[in-house]
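All remarks here apply to the structure that follows.
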């Protein structure tokens, strides 16, 4: 049976752990709100870009000299996977989920005889995958030192990918990240980047089909400028969603940890009181039986 | 006078959205004035100043370093990485950008990069020069 002193020590240590997890939960909640606002603020640009792309893509699709970003190289032998994960831990299964998802995908692709290249964005996913797939890494990017990830950071990643495409280093590029469904659920998902998945031109919500646009300069030239930008926007959105998801997951994890610590404290306190009472009873018995013996 | 909705959107947020009477856009093939009821168009923008007219006077001029604009009869949406009011442009920063952009261009020329890459670098040099011109005129 543990001594009273050791029980007291354990209770105190669990109590301070609970204080820490509680504070982390509140910090995560505040950061989650900010991350969600940023994701919200980025939406108008993405929406309008999508609308332009839809009308442009329809105009250019099927032409033999369509840009590579739109139609890819035609092959699918070399696959570039951009895996986006969090930079920090203590967020429950968040980073492990995306890591495992990526691992399964890599195994599946390699099982089909394809070459896989990995571009890891975020430190945690990189360390997870490095053990098994270290030789497939082409680059590793981390925003750990940055307070806020801005659009320029996403544009840098996009520029790297475009550069690799021009050098013919891969045929197909896909983005793996945790899609932010809501605060408590993020699902790992895959999104194809190259060849670009051009959204279907939808009829306007206000009614009637999309207007027929004129283009200046030509469709091809605008598209050539728009596609790299669109790539950056897609990556930026994935990074923002990962960010929001990370804090959501961290908040849930820390909430659970706080609750578990509370349970543990209750159990230990009960144990402590029982032990204390047992000690008193034992002492009383000793005194009484001593008195009787006299 | 009739108005249309002018929207400035950067990848990070919606910068501006309000009804205006006329906007002057630096389109890739030349300056372009847009009035309400314009035919639907998608244009690429080069680096330059967008000026806005309301109530018959020029009320605002913003510098954009390139981007796109979607024009419909009732709305103009400008997609740009940034939009700075001309009065807030700094000459120093413009000069720094010119130097940086020219350096990149020179490097690309030296290593014989693809025409597309050089063209993009050239566009950045021109955008930076436009920025300096705008800063000086302010």
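Protein chains in written order, with this note's numbering: chain A, 1 to 294; chain B, 1001 to 1138.
Just so it is clear, CB atoms sit at the ideal spot from N, CA and C, and this is done for glycine as well.
For residue 191 (chain A) and residue 175 (chain A), what's the separation of their Cα atoms in angstroms? 5 Å
For residue 1076 (chain B), the three-state DSSP class (helix, strand or coil): strand
From residue 79 (chain A) to residue 117 (chain A), what distance separates their C-alpha atoms? 6 Å
Select from B:1136, B:1074, B:1103 and B:1081 the residue whose C-alpha is nearest the C-alpha of residue 1002 (chain B). Checking every option, the nearest Cα to that of residue 1002 (chain B) belongs to B:1074.
Return helix, strand or coil for residue 141 (chain A), following the three-state DSSP convention. Assignment of residue 141 (chain A) by DSSP, reduced to helix, strand and coil, places it in the strand class.
Quick one, which of A:188, A:120, A:144 and A:214 has its alpha-carbon nearest residue 133 (chain A)'s? A:120
Residue 263 (chain A) versus A:111, A:11, A:3 and A:4, residue with shortest Cα-Cα distance: A:11
So which residues of chain B does residue 180 (chain A) contact, with C-beta pairs closer than 7 Å? Chain B residues near residue 180 (chain A): none, gap ~17 Å exceeds 7 Å.
With residue 238 (chain A) as the anchor, note down where its alpha helix (DSSP H) starts and where it stops. 219-293
Give the DSSP-derived three-state secondary structure of residue 45 (chain A) in the structure shown. helix
Whether residue 87 (chain A) touches residue 31 (chain A) by CB criterion (9 Å): No, the pair does not count as a contact, with Cβ atoms beyond the cut-off.
For residue 112 (chain A), count neighbouring C-beta atoms within 10 Å of its own C-beta (all shown protein chains included) and say buried if the count is 16 or more, exposed if not. exposed
Range covered by the beta strand (DSSP E) that runs through residue 178 (chain A): 172-182
Hey, residue 7 (chain A) and residue 272 (chain A): beta-carbon distance below 9 Å or not? yes
Presumed contact (8 Å Cβ cut-off) between residue 180 (chain A) and residue 241 (chain A), rounded CB distance: 4 Å
State the Cα-Cα distance for the pair residue 205 (chain A) and residue 1020 (chain B), rounded to the nearest angstrom. Residue placement at residue 205 (chain A) cannot be trusted, given a pLDDT of 46 that sits under 50; the coordinates are not used to answer.
Residue 214 (chain A) touches chain B at which residues, Cβ-Cβ below 8 Å? 1039, 1040, 1041 and 1042
So that I know if they touch, is there some Cβ in chain A lying closer than 9 Å to that of residue 1014 (chain B)? Yes, because at least one Cβ of chain A sits closer than 9 Å to the Cβ of residue 1014 (chain B).
Specify, as a first and last residue, the run of the beta strand (DSSP E) that residue 130 (chain A) falls within. Here residue 130 (chain A) belongs to no beta strand (DSSP E); instead the alpha helix (DSSP H) covers 123-133.
Look at residue 1080 (chain B) and residue 1010 (chain B) and say whether their C-beta atoms are less than 9 Å apart. In contact: residue 1080 (chain B) and residue 1010 (chain B) (Cβ atoms closer than 9 Å).
Look up residue 1139 (chain B) in the DSSP assignment and give the residues it is bridged to. No information on residue 1139 (chain B) is available, as it lies outside the stretch 1001 to 1138 that chain B covers here.
Please state whether DSSP places residue 1003 (chain B) in a helix, a strand or coil. coil
Classify residue 198 (chain A) as helix, strand or coil using the three-state DSSP reduction. If DSSP states are grouped into helix, strand and coil, residue 198 (chain A) belongs with coil.
Residue 1117 (chain B) in three-state terms, based on DSSP: helix
Below-9 Å beta-carbon distance, residue 108 (chain A) vs any chain B residue: no
Give me the Cα-Cα distance between residue 1004 (chain B) and residue 84 (chain A), rounded to the nearest whole angstrom. 40 Å
Helix, strand or coil for residue 117 (chain A), going by three-state DSSP, please let me know. strand
Cβ-based burial, residue 234 (chain A) [other Cβ within 10 Å; buried from 16]: buried
Once you ignore the five residues that flank residue 250 (chain A) on each side, which residues in its own chain have a CB closer than 6 Å to its CB? 28 and 91
State buried or exposed for residue 1088 (chain B), treating a residue as buried only when at least 16 other CB atoms are found within 10 Å of its CB. Note on residue 1088 (chain B): under 16 other CB atoms within 10 angstroms of its CB, so exposed under the neighbour-count rule.
If we count the other Cβ atoms within 10 Å of its Cβ and call it buried at 16 or more, is residue 243 (chain A) buried or exposed? buried
Let me see if you follow: with CB-CB separation under 9 Å, is residue 222 (chain A) close to chain B or not? It does: the Cβ of residue 222 (chain A) has a partner Cβ on chain B nearer than 9 Å.
Is the beta carbon of residue 1025 (chain B) sitting closer than 9 Å to the one on residue 1083 (chain B)? no
Does DSSP put residue 1016 (chain B) in a helix, in a strand, or in coil? strand
Taking the alpha-carbon positions, what's the residue 1086 (chain B) to residue 145 (chain A) distance? 33 Å
Of all Cβ atoms in chain B, is any one closer than 9 Å to the Cβ of residue 169 (chain A)? no
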